[in-house]
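Written out below as structure tokens is the structure these notes cover.
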Amino acid sequence: MKTRLLFLCLLTAYTLLFTGGCWDQGELEELALVQAIGIDYLPQEKKFEVTTSIIRPGELGAGGMEGGIEGDAEPMRLITTRGKTLSGAMEQQNAFLSRRAYYAHNDVVIVGEKLASQGMHLILDRLTRERDTRLTLNVFVTGDNVKEFLRGGSRLEISLPQEIRQMKLRTNQRSLRGEANLLDFIRNLLQSGQDPYLPVVEMREETPTSPREAEIGETGKDGKRENEVNGENINGEKEESTENKVGYPKMYGTAVFREDRLAGFLDGYETKGLLYVEESLIDSRETINDPEGKPGEIVLITIDNSSRILTEVVNGKPRITVKIEEEGDICCQTSATNLFTPENFRRMEQSKEEVIKGYVKDVLEKTRKWETDIFGFGNKIKQNHPGYWEDLEKGEWREEIYPKLEVEIQVESNIRRTGLIERPPFYEYYQ
Amino acid sequence: MRVEKIANRQFLYITVIMLATVVFSTLPVLTTGNARQDAWASGLLAFAGVALFVNVIVGLGVHFPRCSVVQVSRKLLGNAAGGLVSLIILWSFLHLASLEVRIYAEMIIGGFLTETPLVFVVGAMIMVAVAAAYAGIEVIGRLVDLFFPLLIAMFLVSFFSLLFEAKFINLQPVLARGLGPVLESSYNTIAYSSYLMVLGILIPHLTRPRKATASAFWGAAVAAFILVITAVLTVAVLGPEEGFRSVFPFFRSLRAIRVTEFLERTELLVIFAWGFSLFVALSTFIYCGGRGVAQLFNLKDYRPILLPMGVIWVALSVHSSPDMFEFRGLYLSYVFGAYGLFLVLFPYVFLWGGYLFRKMTGQNPEEERGEEKSAER
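Those protein sequences? They're chains A and B, same order as listed. Per this note's numbering, the very first residue in the first sequence carries number 88; after that it's consecutive. Per this note's numbering, the very first residue in the second sequence carries number 13; after that it's consecutive.
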């Protein structure tokens, strides 16, 4: 009995000794939590430039409690280093850190245009091999200077990385950008007959709402940005330049790749074409002309959408049919037409079909020029006609067949509801 | 000395765990060979192969419900030849168990505890396994009763969470390149039936030894079911190419998903499940090894040799290969496939040969039902 008791005591002591961890223990206050990584390539030096955005623990904690940025300093620490490889550049960061850089909580990777056109293979291996990154990582491409981008401020969330992360998570499917994370990118890249794409972020300068914010974003002022911001196409207005402008992030458009190299950008409207085919769009608003040709427009929402890609090979030539089915409501009318006749309903549906077809055709046209198959038509052919696919030579699909591929786009629109009112509240309507 | 007894149900659970542990974590149907998106078909084929080996291994054992395979081989082939044949079986326990614990340690060190020495992880696992084997097979049986529902629950939760990201279109085209690649990929998995040789030692400890084949068969079926679902979901989530490139594909596919914002990192479940089942597998291995050695050398008790065996085992596991490259080389189809099949076929060809020879020459090799002979020793 006594020996048994002694044994139990020893066992408990042993467990206590080792469950705390010996070699790999890590305390939270020993870690520098990286929130965003920006990576770009410098073609002249042939070097990577890595910028990490790290939480400054005191600042963020205090600010978060009071529901805003209350500290006097920035919530994030930015470190920029260079190296021959991504890993090498990341190692250099240690020279600036009092804590161990911890990448497992990082969710945002921003890739510069130069790196993306050089080829994503330069960083993909590092991002997938080491245990500190996950395939759920959100990767973005930016045309702006990566280093300057990460210096931007945030409007709704506590810091820029948080803002980007929440934009990606919360506005999912309501957005005008390609929906893809690292896993989707790799899956599309490795699939033969399919090319990957990534969402685009860019910087847009605005006058901050309070002078305090201007101080916080002050670091963003120095250093001239390389690319001019071209993000004004939504409302078209350019704000007046004042001293205290701060950059704020904007997620808009799609970066299209040819294999792992950047081929070009799609803007928000073209991205809709991609999203309709990928079935990942809801709450999209399409503007059409009045069905009777009167002045004014009608806006229709897409509530639900589904699509199918049908393939057939006729006489050794592939043919693709894209079938998109969507349904939605009327959300706005500025014309004075009575919409509630069967003819007008059908006309509206037809015009909406034309608009959606136009989006898809735009993307198709562009990607044919770039020789990149982001819809994955080739992959569909491979799945449905493996024999035909085996006979193709390497590169033949992308360079010869896809640009001339016969694609039929069929859209079926259904307008289901009218919103809360039937007729617009103008007096002309009754005349 | 009383013969320790486990229920046939517990025997079935042990069979599932022996087969599923390494197979679901390294997923050889996907990572070896060329089946790619048809990995599930390889899983089904592998089940056919494993079912055959269940009949070879357990089918012989049920004719001798009171003897372990070591005693059977002496009975059938005589003392010297029988001893040599059973040495091969005992060697396979030692080596397969050392490989299994090494894979687990490599995953732990590669994925979580980078700075922890290999010998510590391996040693810790083997120490608890020795402790469990010291307590005897009845204790291991009750342990399995406890763990198995947990294990299944963990599998179900991880399968369910994978469904959120699964794109089943990745499984197409189905069997487009014929059965060749599928066969090639199932080869390695069939070789895992060498793990089932422990059942030869366990048969005399069953409450109903004559029903052992059915139990083992259903165990293999459950394991195959788990394997097929794992393969399907891994391919659906990662895509066949990325899955093929991974060291631990199932684990990786779980790392690649986010169920919701507050439910992520579900791979922990699989690590726990793997740890549990590895513990059961290792204790079964060392228990059977200890029993077998004791019977071979006519020892009274198997317990005193467990600790020395554990030390040899740790050393073998750590020193069997210096790095992951060499270790992965061992698991290539044409290495492990051939090795595993040899481990089963070589002893059992002799054993079945001896059995059939005795049967044909009219000496009844089977035990008589009423014969009172202890399975101990």
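By construction, the Cβ of each residue, glycine as well, lies at the ideal position given by its N, Cα and C atoms.
Anticipated Cβ contact below 8 angstroms, residue i with residue j, distance rounded
i	j	result
B:Ala-203	B:Gly-349	5 angstroms
B:Val-430	B:Val-330	Any answer about residue 430 of chain B is impossible in this case: the structure gives chain B only from 13 up to 389.
A:Ser-438	A:Asn-376	7 angstroms
A:Glu-458	A:Glu-430	At roughly 43 angstroms, the Cβ-Cβ gap does not stay under 8 angstroms, so A:Glu-458 and A:Glu-430 are not in contact.
B:Ala-148	B:Gln-22	The question names Ala, but residue 148 of chain B is Gly in the sequence shown. No, B:Gly-148 and B:Gln-22 are not in contact; Cβ-Cβ is about 13 angstroms, not under 8 angstroms.
B:Gly-231	B:Thr-27	3 angstroms
Where the alpha helix (DSSP H) through residue i begins and ends
i	result
B:Phe-23	20 to 38
B:Ala-293	279 to 308
B:Gln-184	Taken as a continuous stretch (DSSP letters only), B:Gln-184 belongs to no alpha helix (DSSP H), as it is neither H nor E.
B:Tyr-346	No alpha helix (DSSP H) contains B:Tyr-346, which DSSP labels as neither H nor E.
A:Glu-200	200 to 205
B:Val-66	51 to 73
B:Gly-153	149 to 175
B:Leu-245	224 to 250
A:Ala-65	For chain A, the structure presents residues 88 to 518; residue 65 of chain A sits outside this window and is missing.
A:Glu-477	473 to 478
A:Met-254	247 to 257
Chain-ordered chain B contacts of residue i [CB-CB under 8 angstroms]
i	result
A:Arg-221	Arg-267 and Ala-268
A:Arg-218	Gly-122, Gly-123, Phe-124 and Thr-126
C-beta neighbour in chain B for residue i, strict 7 angstroms
i	result
A:Gly-151	With a pLDDT of 42 at A:Gly-151, under the threshold of 50, the predicted position of this residue should be treated as unreliable, and no value is reported.
A:Leu-270	yes
A:Arg-345	no
A:Leu-277	yes
A:Arg-91	no
A:Leu-104	no
Top-ranked residue by Cα proximity to residue i, from the options
i	options	result
A:Gly-411	A:Phe-236, A:Leu-368, A:Pro-283 and A:Gln-497	The amino acid at residue 411 of chain A is misidentified as Gly; the sequence shows Ile. Ranking A:Phe-236, A:Leu-368, A:Pro-283 and A:Gln-497 by Cα distance to A:Ile-411 puts A:Gln-497 first.
B:Asp-157	B:Val-240, B:Leu-214, B:Val-292 and B:Leu-357	B:Val-292
B:Val-186	B:Arg-86, B:Leu-357 and B:Asp-50	B:Asp-50
A:Leu-368	A:Asp-347, A:Ser-241 and A:Asn-392	A:Asn-392
A:Tyr-284	A:Leu-349, A:Ser-174, A:His-208 and A:Met-88	A:Leu-349
B:Leu-328	B:Glu-177, B:Leu-64 and B:Trp-103	B:Trp-103
A:Asp-231	A:Tyr-335, A:Gly-415, A:Pro-429 and A:Ile-388	A:Tyr-335
A:Asn-181	A:Thr-220, A:Gly-351, A:Val-137 and A:Gln-470	A:Val-137
A:Glu-483	A:Asp-416, A:Met-88, A:Met-254 and A:Gly-465	A:Gly-465
B:Leu-106	B:Gly-301, B:His-75, B:Leu-353 and B:Tyr-346	B:Gly-301
B:Phe-309	B:Ala-236, B:Gln-83, B:Thr-242 and B:Thr-126	B:Gln-83
B:Pro-77	B:Leu-239, B:Leu-218 and B:Leu-130	B:Leu-218
B:Phe-159	B:Val-347, B:Phe-288, B:Val-305 and B:Thr-373	B:Phe-288
B:Met-336	B:Thr-373, B:Ile-115 and B:Phe-354	B:Ile-115
A:Ile-461	A:Gly-145, A:Leu-222 and A:Phe-272	A:Phe-272
B:Tyr-299	B:Phe-65, B:Ala-145 and B:Leu-162	B:Ala-145
A:Arg-213	A:Lys-201, A:Val-196, A:Ser-204 and A:Val-228	A:Val-196
A:Glu-365	A:Val-333, A:Gly-113, A:Val-447 and A:Ser-279	A:Val-447
Proximal chain B residues relative to residue i, where beta-carbon distance stays under 9 angstroms
i	result
A:Trp-110	Leu-125, Thr-126, Glu-127, Thr-128, Pro-129 and Phe-132
A:Arg-504	Going along chain B, no residue has its Cβ under 9 angstroms from A:Arg-504, so there is no contact; the nearest lies around 29 angstroms.
Cβ of residue i within 7 angstroms of any chain A Cβ
i	result
B:Pro-161	no
B:Gly-251	yes
B:Ala-63	no
B:Tyr-25	no
Where residue i meets chain B, residues with beta-carbon distance less than 7 angstroms
i	result
A:Leu-273	Residue identity differs from the one stated: residue 273 of chain A is Ile in this sequence, not Leu. Those within 7 angstroms of A:Ile-273 in chain B are Glu-254.
Under 7 angstroms by beta carbon: chain A residues contacting residue i
i	result
B:Gln-184	Gln-470
B:Ala-188	Pro-473
Residue i, enclosing beta strand (DSSP E) - first and last residue
i	result
A:Asp-416	404 to 420
A:Ser-393	384 to 401
A:Val-498	493 to 504
Contact set between residue i and chain A, taken where Cβ atoms lie within less than 8 angstroms
i	result
B:Gly-287	Correct list: empty, because the minimum Cβ distance to chain A is about 14 angstroms.
B:Ile-181	Gln-470
B:Gly-302	Under the 8 angstroms cutoff, chain A gives no residues; its nearest Cβ is about 21 angstroms from B:Gly-302.
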